[in-house]
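Structure record follows, encoded as structure tokens.
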């Protein structure tokens, strides 16, 4: 994999100057076309060995193009705000919006590679991490991003020479840290691990280009030309045809679905409700204050039919919590900044730190519910969303979040009754709109979408709880109970 | 100030229940009106002594209203991302957008009060901090925010009783920390300092309501009713008439301005330019890598006539810096989320951590330039912006930022020449638009605005450098030199 980057590539100065003049003008033009076109972001990832000219190349790219529209981010040590959220949070924060170029300096590949070299993980862990990265990058590409990854390589001999040269020049000696030499001792090990990592993560959606780092002219031109070619091609051709996601299973031949087997008969008297409410709210409060919870977080998702009582149920949960440590995120159509990013971005930005509870009133499942049914996104897009959402929730769970998802459901008749009641009650009238009636007309389509959703995204660590919501008292207690038990067993 | 909150206010339960029923419905309705109206945010600040029922009140407010549209934020220890930015950054992050309610739990008043009680500061420092707060809150109010501040009070006797009661009940004992008792020992001192602080910061724009904390019913109703009254009044009356900012001085009677006394004659040959460029870029690079700079930051503002060469000058600066540690922020019209916040919000969100350089290509000065001249905001709004901007930059400087502001200027004839050149050069044509020609028609208005701006916002710690930009070579070197010298003398 690295052999072709150890053969002494170089470009003589006169040739460099001639090509540079043409290249930078073309790059600048392509950058402005991207900015005007504004349909996709460009993500450039820079990785590779120390001393191979990574920073210099990034600086040159910023000099050749208009640095106002390039967002260069270097990932050093994590801040405490980053440490208390899922691993990928810091990278989501750094994604460029459509029309812009983001240069990520040592991105999501770095940590797993170093962990493997230092033997904190084994080969299986490395493969799993790289598989996750492949899925993540595929998602970015499916969302439209143009991803270009450059790996700067030096042979062992060349690296030793380069580090020594940097060290002996007083102007550059600061650039060689002790850790660089320590890493150099591990050269062979690094090489092996990186080779595995690059092999797995070099995909059609996000290929690696290995660049020999010895000669500055060569590496600048190679990287610049690759970016120009890919950018020009994409601007000319548009987004490549999407991968065809796996087909949905046909409905069961007996026509029975999970929603049809719900028992709507359960009720609870007002008196029993009052006692139970106090008991379970008290329990939830205790759990949320427990020491163990400080290093965890709870994420509760509410989806459901219109008028199923999501709002009032959520208030029974928040009533048990300290307002300083929870947040309810009502999810409506995405805003302007959010539309410039992958669709999960707006949920990532709302993830809370440890010790907090975040309640989503509607959620990322809009992708496979309203967006699917109303045709707000293409079929391929919502079809791939199932596994993207599973990946997303896995990251939440891996970071210690306790994830619970409620689908609140009522019968079609009950919904009609509640809609009419809302229309007849002055202070409830704002809760019912034309849209609710329109959604109701598509009841069967939504039912199909819900069944597919539950089937494809209910996993042990982040289960769907299909909750009959016909009797409000019974439902609220059941939700509180379920939540308490989930948190209890997780702590 | 606190006497009327030590007289044993209380509300009997039956009265509470009757009033609560009416109040919560009215509050909920007002909240939805606010949400629909979406013209201003509500900022509720909660302060006061420990054990006076602050959290319980915040929880009740969240229960009475729709918690999905309330953003409650508690400010504990600073995160490292907050520590490396100006003190107010964490509060700007927490401001609610228009239409929403933000409950800030222990906000900007807390730290200065504690610092004074602990004798880390003196009376003069306290007064200065409180004056800053008054100006900040006035700015928020002028930007439309409805600010309500509640101070929860207990007499010394009542506080002792309350802490003991909390401590002896196993369900609430966790709520009393050792620090609470330590603070209690300082009760009298706290009382004195808080009295001064409240006196200064109780203004018409953001008044304090002192609430006796002994009786839960009383404090819930008092706070709830105050919020309802203020919210209903504001929704009915609209924004109060703005304060009239100080008038601008008349132009000097001899008609001479700072822009007319500029010496446009300086030039630099290409050869000298090359040598000087290398020298000053090297110097800037060294400075940006110096150890001392890691705890500081540099903020460079570029404003100037169209075609004065801001972009190309910025590239000469970035060319000297490591792309990982600078960022260029191009400022255009505010986006959707930005329009829901005070106008300085979009600059606060882009402030970098220590050790970084942020270059603003156009800036917050748009308020007193394009917004003034084009009438995008009311006269009162841009008139008050001068001292708001001064306050903002003072916060930057206080946090260790080295602030430098360049006004790049060319003659009207030179601009015409450059416009025409841009129109005639294919790859420069995107740089010239109808708007540039329109702006040019208002040359004199802009000139007046620039003179006022420089006169009112050039201060020693954040000076305006009026830079003749007729000769590009000379200008670029002069900008680099100025910047180096500013950083050098600051470190």
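Chains as they are written, first to last, in this note's numbering: chain A, 2 to 492; chain B, 2 to 492. Idealized CB from N, CA, C, for every residue including glycine.
Asked: Contact residues within the segment 462-488 of chain A, judged by C-beta distance below 9 Å to chain B; Found: none
Asked: Beta carbon proximity, residue 365 (chain A) to chain B, threshold 8 Å; Found: no
Asked: Terminal residues of the alpha helix (DSSP H) in which residue 409 (chain B) lies; Found: Note, residue 409 (chain B): premise wrong, no alpha helix (DSSP H); beta strand (DSSP E) at 402-410.
Asked: Beta-carbon proximity of residue 410 (chain A) to residue 306 (chain A), cut-off 8 Å; Found: yes
Asked: Contact with chain A by residue 218 (chain B), beta-carbon distance below 8 Å; Found: no
Asked: Residues that DSSP places opposite residue 304 (chain A) in a beta bridge; Found: A:408
Asked: Three or more C-beta pairs below 8 Å linking the segment 322-330 of chain B and the segment 61-73 of chain A; Found: yes
Asked: Inter-residue Cα distance where the pair is residue 349 (chain B) and residue 439 (chain B); Found: 30 Å
Asked: Cβ contact (3+ pairs, closer than 8 Å) linking the segment 117-129 of chain B and the segment 74-92 of chain B; Found: no
Asked: At least three beta-carbon pairs within less than 8 Å, the segment 274-289 of chain A to the segment 377-388 of chain A; Found: no
Asked: Cα-Cα separation, residue 85 (chain B) to residue 263 (chain A); Found: 54 Å
Asked: Proximal residues, the segment 40-60 of chain B versus chain D, C-beta separation under 9 Å; Found: The question asks about chain D, but that chain is absent: this structure's protein chains are A and B.
Asked: Where residue 472 (chain A) falls, given that 16 or more other Cβ within 10 Å makes a residue buried; Found: buried
Asked: Candidates A:49, A:480 and A:271, of which the one nearest residue 153 (chain A) by Cα; Found: A:49
Asked: Cβ shell of residue 207 (chain B) (< 7 Å), same chain only, five flanking positions each side left out; Found: 138, 142, 148 and 150
Asked: Cut-off 6 Å between Cβ atoms - residues of its own chain near residue 286 (chain A), not counting five sequence neighbours on either side; Found: 321
Asked: Any chain A beta carbon closer than 8 Å to residue 70 (chain B); Found: yes
Asked: Beta strand (DSSP E) segment containing residue 75 (chain A), residue limits; Found: 71-75
Asked: Simplified DSSP assignment, three categories, for residue 291 (chain A); Found: coil
Asked: Nearest residue (CA-CA) to residue 202 (chain A), options A:221, A:167, A:259 and A:109; Found: A:109
Asked: Per-residue DSSP class, three states only, for residue 298 (chain A); Found: strand
Asked: Residue range of the beta strand (DSSP E) that includes residue 358 (chain B); Found: 358-362
Asked: Collapsed DSSP secondary structure at residue 334 (chain B) in the structure displayed; Found: coil
Asked: Helix, strand or coil at residue 150 (chain B) according to DSSP, with G and I counted as helix; Found: strand
Asked: Whole-angstrom distance between residue 197 (chain A) and residue 182 (chain A), CA atom to CA atom; Found: 23 Å
Asked: Residue ranges of each beta strand (DSSP E) within the segment 99-143 of chain A, 3 or longer; Found: 102-106
Asked: Within-8 Å CB hit, residue 337 (chain B) to chain A; Found: yes
Asked: Residue range of the unbroken alpha helix (DSSP H) whose run includes residue 254 (chain B); Found: Looking at the DSSP string, residue 254 (chain B) is not in any alpha helix (DSSP H), and its letter there is neither H nor E.
Asked: For residue 54 (chain A) and residue 319 (chain B), the rounded distance between their alpha carbons; Found: 18 Å
Asked: is_contact[residue 123 (chain B), chain A] using C-beta, thresh 8 Å; Found: no
Asked: The segment 439-459 of chain A / the segment 252-259 of chain A touching (three or more Cβ pairs under 8 Å); Found: yes
Asked: For residue 213 (chain B), three-class secondary structure by DSSP; Found: strand
Asked: Contact belief for residue 389 (chain A) with residue 140 (chain A) at Cβ below 8 Å, rounded distance in angstroms; Found: 5 Å
Asked: Alpha-carbon spacing of residue 363 (chain B) relative to residue 406 (chain B), whole angstroms; Found: 10 Å
Asked: Beta-carbon proximity of residue 246 (chain B) to residue 384 (chain B), cut-off 8 Å; Found: yes
Asked: Chain B contact for residue 266 (chain A) (CB, 8 Å cutoff); Found: no
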